[in-house]
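Residues 436 to 1124 in our numbering are what the sequence shown lists, from first letter to last. Think of the CB as a built atom: it goes at the ideal place given N, C-alpha and C, for glycine as much as any other residue. Report on one structure; see the data block that follows.
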Amino acid sequence: MKGCVYGKLKRFSTLILAILFLVATLIGIESAKVSKVSGATKKSFVEFNFENKFATPFKASGKSMTLKIDSTTAAEGTFSLLASGRKQIDDGVLLDVTNLIDYANEYIITLYVYHKSSKLQRFVVSSEIETKSGKENKLLCEKVIMPNSWKKLDASLNLTELKGIKKVWLKVYVPTSTTNFYVDLFTLKVADSSHLIKFESFEDKNIAGFISQDKKCKLSVSKEKAYQGTYSIKFQQIAKKQNTTVTLPVKGTFEKGKSYSISFYVYQPILKSLNLAVGVRFLENGKNTKEIVLGKVTVPKNKWTEVFASYTPSLDSKIKDFVIFIRPLSDISYYYFDNFTISDDGWYSAVPDLDLPSLSEKYKNYFKVGVAVPYKALTNPVDVAFIKRHFNSITAENEMKPEALEPYEGTFNFSIADEYLDFCKKNNIAIRGHTLVWHQQTPSWFFQNPQTGEKLTNSEKDKKILLERLKKYIQTVVSRYKGRIYAWDVVNEAIDENQPDGFRRSNWFNILGPEYIEKAFIYAHQADPNAQLFYNDYSTENPVKREYIYKLIKDLKEKGVPIHGVGLQCHISVSWPSVEEVEKTIKLFSSIPGIKIHVTEIDISISKEFGEDIDEETKRYLLIQQARKLKDLFEVFKKYKNVVTSVSFWGLKDDYSWLKGDFPLLFDKDYQPKFAFWSLIDPSVVPEE
436 MKGCVYGKLK RFSTLILAIL FLVATLIGIE SAKVSKVSGA TKKSFVEFNF
486 ENKFATPFKA SGKSMTLKID STTAAEGTFS LLASGRKQID DGVLLDVTNL
536 IDYANEYIIT LYVYHKSSKL QRFVVSSEIE TKSGKENKLL CEKVIMPNSW
586 KKLDASLNLT ELKGIKKVWL KVYVPTSTTN FYVDLFTLKV ADSSHLIKFE
636 SFEDKNIAGF ISQDKKCKLS VSKEKAYQGT YSIKFQQIAK KQNTTVTLPV
686 KGTFEKGKSY SISFYVYQPI LKSLNLAVGV RFLENGKNTK EIVLGKVTVP
736 KNKWTEVFAS YTPSLDSKIK DFVIFIRPLS DISYYYFDNF TISDDGWYSA
786 VPDLDLPSLS EKYKNYFKVG VAVPYKALTN PVDVAFIKRH FNSITAENEM
836 KPEALEPYEG TFNFSIADEY LDFCKKNNIA IRGHTLVWHQ QTPSWFFQNP
886 QTGEKLTNSE KDKKILLERL KKYIQTVVSR YKGRIYAWDV VNEAIDENQP
936 DGFRRSNWFN ILGPEYIEKA FIYAHQADPN AQLFYNDYST ENPVKREYIY
986 KLIKDLKEKG VPIHGVGLQC HISVSWPSVE EVEKTIKLFS SIPGIKIHVT
1036 EIDISISKEF GEDIDEETKR YLLIQQARKL KDLFEVFKKY KNVVTSVSFW
1086 GLKDDYSWLK GDFPLLFDKD YQPKFAFWSL IDPSVVPEE
């Protein structure tokens, strides 16, 4: 959490002035705050907060439905809109925006929703647009919402290419059930001002949810003074102690990890100077009320003075019931405030929802759920919080491969690898070692003569050099982390099904033959007898390659080589392989006595067959197929839980993936859960189509 001093902060001055100019002339539409677009009748900022107890202009779309203002729960303030009596899953809340928006602009739609159902529910925002050519329905956004928690929906509406528009409706509904639901803080704003979260100018003669801490004090809309426009809020107190706090509930507005600016103007005609504090108050861990003063300002007599502060809720805090407070530090009988603004300074930055169900907790009775992460993830507090929430095993993406640990012969660099181990110990997370022997990301010196620099041959002398290097490398690395790494990918991708004997013609094989595989496992076991040692490969579902791998593992086992499992990388797509082929692979490998299965690098490509330039409708269809396939795969993994003991995703979120431009993981680039994630938590919320 952080605060900043008041004053004219240069980096925000342009932003604030632009906002104030944008919303300088306001009109009231029921409970909305609306600003005019210069020279037009359409609006650039509209907010419905329901604090004036009006449900209009919202309408019910179902015949049996009712809409009413309710004080049971609210994202902000006291009231929200309750949609009840739903009989059909497409019954919802309608808003006619035909006369509210300027069709020449793209609009950002935000709203908060809430439900009390015992199950997860998928909320949808859609548009229905009537033109001279007919009606067009479009899905604008959909999001899975947990019970008893206010969550924000974001969508965009772009009508700039449409001609002959007659009507534009927005609709909110829940296609997963007929449960009742609540809506609050419904806003439409031109995309260029999407950072603006709240603007209260009080021109609609509404106090907008502000509350006086002392019931004897009066808050009212006044025409006596105004910073801009006609109205402001007047705070008036008759009691002897005249510095009562004014609060504004914002429990649904602030998201953990994002930075916010709070700005408003104060006027007082009484004292030579008035000292004023602004801050936040909240309930921490469900028990203690905590108050943070973000800053203080001195308000001179008879001069509108800007109050400015910033605030960032901590990512790992368990807090609720936020309120912003304004408190005079001097006794004063009355004063005014106007143009109250909350801006999202971090509107461009992605922040995860740490209240999502934990993936590792969901599958704790089946297997570890892991993730491969780059080093940068360990230094990013947002990534760290996300990793801790969902995963109980991690793999270093590249930082524990030979080129990272011994770039030059005899010169080991364990600094980054040690940080992975320290991170895991601190956070009670297990770690897989990846990888000891591979034909890629291995320094060239491994395969060069130490005297001449020439490439090693398969002569007995050169074999001895390479075997000594192999042994020294493996035993140095594995012994360093003895007892701390629960599984090692000892040999990676040694099989090539296109070779007559099935062995990849790597430098390792060309110099040592298949012996290097056997030796690698023996050396690793000598260094750490308790570590689980795995052979790891991709396309294990290919029947020909699968048979070669099966024969290799079976032969090693029969020779008494210390190998404990097979790693199935599972870099797959929505169309290949079938789930049945994956099950055949698990069944075959687990038939070898003593062999465990780890799914080590799972991701599911959706654009491999279609290319990156897929339209949104096709993308949504493929993401649904991705989710269905992942759900079916996890059912297989659960079925074989006696042998499948770890499942790891190859990347934290889509933009971290090695499959650039694809969408292969559980979370999108903004940490938002995709259908793939929800298919592993509750498949019923994943659409059928």
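ask   = According to the Cβ coordinates, are S1010 and A962 closer than 8 Å?
value = Taking the first residue of the sequence shown as position 1, residue 1010 is located at position 575. Taking the first residue of the sequence shown as position 1, residue 962 is located at position 527. No, Cβ-Cβ distance for S1010 and A962 is not below 8 Å.
key: Nearest candidate by alpha-carbon position, reference L546, set R521, C576 and I536   = On the sequence shown, position 111 is the one that residue 546 refers to. It is C576.
query = Can you round the beta-carbon distance between L516 and V609 to whole angstroms, since I take them to be within the 8 Å contact cut?
reply = To locate residue 516, count along the sequence shown from 1; it is residue 81. To locate residue 609, count along the sequence shown from 1; it is residue 174. In fact, because the Cβ distance is near 14 Å, the residues do not count as touching under 8 Å.
inquiry  = Which of the three DSSP states is assigned to C859 in this structure?
reply    = Along the sequence shown, one-based indexing puts residue 859 at 424. Residue state, collapsed to three classes: helix.
task = From the DSSP output, read off the bridge partner residues of Y700.
result = Indexing the sequence shown from 1 puts residue 700 at position 265. Beta-bridge pairing links Y700 to E741 and D773.
task = Could you name each continuous beta strand (DSSP E) segment of 3 residues or more that falls completely within the stretch 498-562, going from the start of the chain to the end?
result = 501-505, 515-519, 527-531 and 541-549
query = Which of the three DSSP states, helix, strand or coil, is assigned to V685?
reply = Looking up residue 685 in the sequence shown gives position 250. V685 falls in the coil class under three-state DSSP.
ask   = Just how far apart, CA to CA, sit K890 and P997?
value = Numbered from 1 along the sequence shown, position 455 holds the residue referred to as residue 890. Numbered from 1 along the sequence shown, position 562 holds the residue referred to as residue 997. Their backbone Cα atoms lie some 31 Å apart in a straight line.
key: Inter-residue spacing [alpha-carbon to alpha-carbon] between G692 and F821   = Taking the sequence shown and counting its residues from 1, one reaches residue 692 at position 257. Taking the sequence shown and counting its residues from 1, one reaches residue 821 at position 386. When rounded, the distance between both Cα atoms is 12 Å.
query = Can you name the residues that DSSP bridges to H869?
reply = To locate residue 869, count along the sequence shown from 1; it is residue 434. DSSP lists D924 as partners of H869.
message = Please report the straight-line C-alpha distance between S553 and P792, rounded to a whole angstrom.
response = Position 118 of the sequence shown, counted from the first residue, corresponds to residue 553. Position 357 of the sequence shown, counted from the first residue, corresponds to residue 792. So the two alpha carbons sit approximately 14 Å from each other.
Per-residue burial, G569 [other beta carbons within 10 Å of its own, 16 or more giving buried] = Sequence index remark: in the sequence shown, residue 569 carries index 134 (1-based). It is exposed - the Cβ of G569 has fewer than 16 other Cβ atoms within 10 Å.
query = With DSSP run on the structure shown, which of helix, strand or coil describes F802?
reply = Position 367 of the sequence shown, counted from the first residue, corresponds to residue 802. Coil, per DSSP.
query = From L1101 to I767, what distance separates their C-alpha atoms?
reply = Counting from one through the sequence shown, the residue named residue 1101 turns up at place 666. Counting from one through the sequence shown, the residue named residue 767 turns up at place 332. Using only the alpha carbons, I get a separation of about 55 Å.
request  = With DSSP as the reference, label D649 as helix, strand or coil.
outcome  = Along the sequence shown, read from residue 1 onward, the residue named residue 649 stands at position 214. Coil, per DSSP.
inquiry  = Please state the DSSP three-state secondary structure of S916.
reply    = Within the sequence shown, numbered from 1, the residue matching residue 916 stands at position 481. Per the sequence presented here, residue 916 reads as Tyr, with Ser not at that position. Coil at Y916, not helix or strand.
request  = Could you pull the start and end residues of the beta strand (DSSP E) that A712 belongs to?
outcome  = One-based indexing of the sequence shown puts residue 712 at position 277. Note, A712: beta strand (DSSP E), S708 to E719.
query = Which runs of the beta strand (DSSP E) spanning at least 3 residues fall entirely within the stretch 785-836, listed in chain order?
reply = 803-808 and 828-831
ask   = Comparing alpha-carbon positions, which option in G527, Y662 and S562 lies nearest S499?
value = Counted from its first residue, the sequence shown places residue 499 at position 64. With distances taken between Cα atoms, S499 lies closest to G527.
request  = Please confirm if the stretch 645-661 is in contact with the stretch 553-566, defined as three or more CB-CB distances below 8 Å between the two stretches.
outcome  = no
message = Give me, in chain order, the residues of the same chain whose beta-carbon lies closer than 8 Å to that of P885; leave out the 5 immediate sequence neighbours on both sides.
response = Counting from 1 along the sequence shown, the entry for residue 885 is found at position 450. Closer than 8 Å at the Cβ level, and outside the excluded window around P885, lie E844 and I900.
key: Coil, strand or helix - W604 by DSSP   = In the sequence shown, counting from the first residue as 1, residue 604 sits at position 169. DSSP places W604 in strand when its eight states are reduced to three.
request  = Counting only the same chain and skipping the five closest in sequence on each side, list residues whose C-beta sits under 6 Å from that of Q910.
outcome  = In the sequence shown, counting from the first residue as 1, residue 910 sits at position 475. Answer for Q910: Y958 and A962, listed in chain order.
request  = Output the boundary residues of the beta strand (DSSP E) element that contains K1019.
outcome  = If you number the sequence shown from 1, residue 1019 lands on position 584. Careful: K1019 lies outside any beta strand (DSSP E), inside the alpha helix (DSSP H) at V1014 to S1025.
Cβ-Cβ distance between S667 and D773 below 8 Å = Start at 1 with the first residue of the sequence shown, and residue 667 comes out as number 232. Start at 1 with the first residue of the sequence shown, and residue 773 comes out as number 338. Contact: yes.
message = With a threshold of 8 Å on Cβ separation, who are the neighbours of D790 within its own chain once the five nearest residues in sequence on each side are excluded?
response = As a working note, residue 790 is residue 355 in the sequence shown. So the qualifying residues of the chain are M581 and S584.
ask   = Which class does P1118 belong to by DSSP, given the choice of helix, strand or coil?
value = Counted from its first residue, the sequence shown places residue 1118 at position 683. Residue state, collapsed to three classes: helix.
query = According to the neighbour-count rule (16 or more other Cβ atoms, all chains shown, within 10 Å of its Cβ), is T846 buried or exposed?
reply = Here residue 846 refers to the residue found at position 411 of the sequence shown. Its Cβ having fewer than 16 others within 10 Å, T846 is exposed.
inquiry  = Once DSSP output is grouped into helix, strand and coil, what is the label at S1040?
reply    = Residue 1040 sits at position 605 when you count from the first residue of the sequence shown. Residue state, collapsed to three classes: strand.
query = Can the beta-carbon of W643 be found closer than 8 Å to that of E635?
reply = What you label residue 643 is simply residue 208 of the sequence shown in a count that begins at 1. What you label residue 635 is simply residue 200 of the sequence shown in a count that begins at 1. Note that residue 643 is Ala in the sequence shown here, rather than Trp. Yes, they are a contact pair.
key: Segment contact, 8 Å Cβ cut-off, at least three pairs: the stretch 829-838 with the stretch 801-811   = yes
ask   = How would you label R1063, buried or exposed, when you count the other beta carbons within 10 angstroms and need 16 or more for buried?
value = Translated into the one-based positions of the sequence shown, residue 1063 becomes position 628. Its Cβ being crowded by 16 or more others within 10 Å, R1063 is buried.
task = Could you tell me which residues DSSP pairs with R981 in its beta bridges?
result = As a first step, residue 981 must be located in the sequence shown, where it is residue number 546. Per DSSP, none; premise fails for R981.
ask   = Cβ of D1089 within 8 Å of Cβ of P1099?
value = Translated into positions along the sequence shown, residue 1089 becomes position 654. Translated into positions along the sequence shown, residue 1099 becomes position 664. In this structure, P1099 lies closer than 8 Å to D1089 by Cβ.
ask   = Hey, out of W1085, N933 and W604, whose CA is closest to K573's CA?
value = In the sequence shown, counting from the first residue as 1, residue 573 sits at position 138. Among W1085, N933 and W604, the Cα nearest to that of K573 belongs to W604.
query = Counting Cβ pairs, one atom from each stretch, are 3 or more of them under 8 Å apart for the stretch 1075-1094 and the stretch 1029-1041?
reply = yes
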